[in-house]
Amino acid sequence: MAKRKRTNVKARPSKNSKNKNQKVADEVVSVKRRKTEDVERTQEQNTQVDPGSKQFPRIELPPNPANDPYEYIDGRSLYLDEITVLELEGCLYDLQGSARGTTVYKATRVEGDWEDKEVVVKLCIYTHREERTGEDEFVKKALDKANELGDDHAWAKEHLPKILWSKTYDELSNDTPQYRLAKSLRPNFPLYKDSILCITVQSVLQPLIDLDKPKEYAQVYFDVLQIHRWLIDHPKILQRDISRENIMFRREADGTIRGVLNDFDHASELPPPPGPWSLKCTGATPYMSCDALDQDWEKGHHYRHDLEALFYVILIVSTHYEERDSKIQRLEPETRLPYHSWYADGAEAVRLEKFMSIYMRPTDIATTSFFSGFKHVLFGLRAALLRGWLARQEYEIEMMSRKRTSSEPKPSFDWQTLGGKVSYETLKAILCEFDGETLIERYKERFMRPIQESDFVPPGVEQVDTDSDA
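Quick note on numbering: full-length UniProt numbering labels position 378 of the sequence shown as 378, and the sequence is numbered without any gaps.
Here it is as structure tokens:
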């Protein structure tokens with residue numbers, strides 16, 4: 001008798017089995033829900049503090065926020081101290097790096113001992129404590145110096161940010177209100193015991209692209225060149241972070257435009273204090289000098305590096321922005337912009353792209369129609385950078401030749417301005433007029449001080465090695 005072929009048939013789950021599985025699934029969901037509620041409750045306890053509390057700084061949520069209260073910004077009350085309360089109205093700028101997170105909010109003064117109703121509040125979180133001067137201290141030092149020098153230097157005060165309130169918290173352990181504030185605003189940013197939180201409130205400034213006329217842009221660029229040099233000559237401050245975002249303006253009641261050099265988070269005293277931070281170049285990649293983008297560059301941040309950054313600001317604004325519907329707007333799509341890759345690529349790739357476009361294969365600069373008047377300005381600035389690079393190359397060739405044939409003393413070379421080719425005087429001659437009209441000169445030549453190499457070298461560090469390929 002033939003054997004019957006056996007087939008595998010899956011048993012159907014019983015009704016009791018179905019119910020059991022459903023109960024397990026429901027329990028899992030319930031546990032997850034309880035955990036979520038516990039986390040939210042803990043967050044609420046950390047951020048929702050009794051209005052009568054004396055803990056500062058702290059944030060309190062609006063009575064009935066429409067969205068998730070831990071992501072919802074509009075309507076939050078920020079209590080800085082017993083007499084200073086701001087209402088946050090949205091994020092203007094947010095940048096999270098590996099060592100620093102910066103967030104800028106628009107805010108309204110609810111209580112405070114200053115006149116400005118509309119203000120800007122900036123929160124910077126540094127993952128590790130560093131020995132550096134705070135932004136408010138740099139601005140105060142500059143204002144004090146302008147007051148000390150008298151009326152001939154009073155103009156400088158109009159080209160600096162106005163700090164209304166500032167404080168640095170250097171203890172971010174879990175039981176501190178500053179830790180809870182930092183965590184509520186940047187929940188994913190790493191915080192350690194030696195992290196620091198800096199809160200700065202300042203008057204509202206207008207972004208560069210809110211200007212209406214090409215000549216106004218020209219005046220703002222010229223203003224920034226002047227205040228940047230004044231800061232070096234007198235209060236001995238190097239800003240070190242020239243970018244489109246940090247060049248702003250204020251418009252006076254009579255319509256006068258004043259360019260403002262904003263953001264001193266990366267600034268340095270001159271000479272720089274000792275330490276590895278002083279030998280690093282800083283800035284945003286699209287605007288950083290070729291030296292600053294070079295991973296092998298260890299000679300610190302030079303004066304000319306900020307001048308080169310100013311060139312990149314003018315270049316990018318003049319080629320990436322156009323007038324649309326009576327407003328200056330960035331062209332779309334972004335990928336068609338001539339220098340889009342400077343925002344997307346790594347530092348080394350951007351360095352090579354800049355080097356090729358400026359020094360090796362200078363080509364036409366395709367400005368937009370609104371900024372067409374800046375074409376000759378850009379050609380002049382690029383030519384100055386090229387002459388500086390050629391002077392540097394000539395010097396280095398001479399040094400290599402001397403190594404082989406002579407023991408004569410080394411000739412001197414001005415590395416801060418590349419033999420005087422990339423200098424304040426050179427850029428001033430290009431930026432002091434626009435479209436045939438002379439712009440306002442605020443910093444008079446008689447008050448200028450010569451650039452000294454020693455001013456840019458930290459104590460105990462040798463000046464630039466002129467034998468090297470620096």
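We put the CB at the ideal spot given by N, CA and C, even for glycine.
As assigned by DSSP and simplified to three states, the class of Ser203
strand
- prompt: From what residue to what residue does the beta strand (DSSP E) around Asp81 run?
  reply: Ser77 to Asp81
For Lys373 versus Asp435, is the C-beta distance shorter than 8 Å? Here the sequence assigns Gly to residue 373, which means Lys is not the residue at that position. Taking 8 Å as the Cβ cut-off, Gly373 and Asp435 qualify as a contacting pair.
| message | Contact between the region 224-233 and the region 144-162 is defined here as three or more beta-carbon pairs at a separation below 8 Å; is this criterion met? | response | yes
Measuring alpha carbon to alpha carbon, tell me which of Ile196, Leu80, Asp136 and Ser173 ends up nearest Ile113. As written in the sequence, residue 113 is Asp, which differs from the Ile given in the question. Looking at the Cα atoms, Leu80 is the closest of the given residues.
| query | Ordered along the chain, which non-local residues of its own chain (more than five positions away) have a Cβ less than 8 Å from that of Val120? | reply | Leu92, Val104, Tyr105, Lys106, Ala107, Val201, Gln202, Ser203, Val204 and Leu205
Go ahead and label Asp94 buried or exposed: buried means 16 or more other beta carbons lie within 10 angstroms of its beta carbon, across all protein chains shown.
exposed
* Asked: Out of Ala384, Arg258, Leu238 and Asp175, which has the shortest C-alpha to C-alpha gap to Ile247?
  -> Arg258
task = Measure from the alpha carbon of Arg330 to the alpha carbon of each residue in Phe311, His305, Thr368 and Glu308, then state which is nearest.
result = Thr368
Tell me the DSSP secondary structure of residue 543 in three-state form. Here the chain covers residues 1 to 470 and nothing more, so residue 543 does not appear.
Requested in this report: Assign Lys215 to one of three DSSP states: helix, strand, or coil.
Outcome: helix
### Message
Please report the straight-line C-alpha distance between Leu270 and Ala366, rounded to a whole angstrom.
### Response
38 Å
### Query
Near Thr42, what residues of its chain come up, given a Cβ to Cβ distance below 6 Å and the 5 sequence neighbours on each side ignored?
A caution first: Thr42 carries a pLDDT of 42, below 50, which makes its placement in the model unreliable, though a value can still be read off. None.
For the region 317-328 against the region 288-307, are there 3 or more C-beta pairs whose distance is under 8 Å? no
**Item:** Minimum C-alpha distance to Gly388 - residue among Lys421, Asp364 and Cys281
**Value:** Lys421
Q) What distance in whole Å lies between the Cβ atoms of Ile196 and Thr176, which are believed to be in contact at a cut-off of 8 Å? A) That pair is no contact at about 12 Å.
*asked:* Tell me whether the region 411-426 and the region 373-387 touch, counting them as touching only if at least three CB pairs, one residue from each stretch, are closer than 8 Å.
replied: yes
Problem - Start and end residues, alpha helix (DSSP H) containing Ser261 - result: Just to set this straight, residue 261 is Leu in the shown sequence, not Ser. Element bounds for Leu261: not the alpha helix (DSSP H) but the beta strand (DSSP E), Ile257 to Leu261.
Margin query: With H, G and I counted as helix, E and B as strand and the rest as coil, what does DSSP make of Ile440?
Written below: coil
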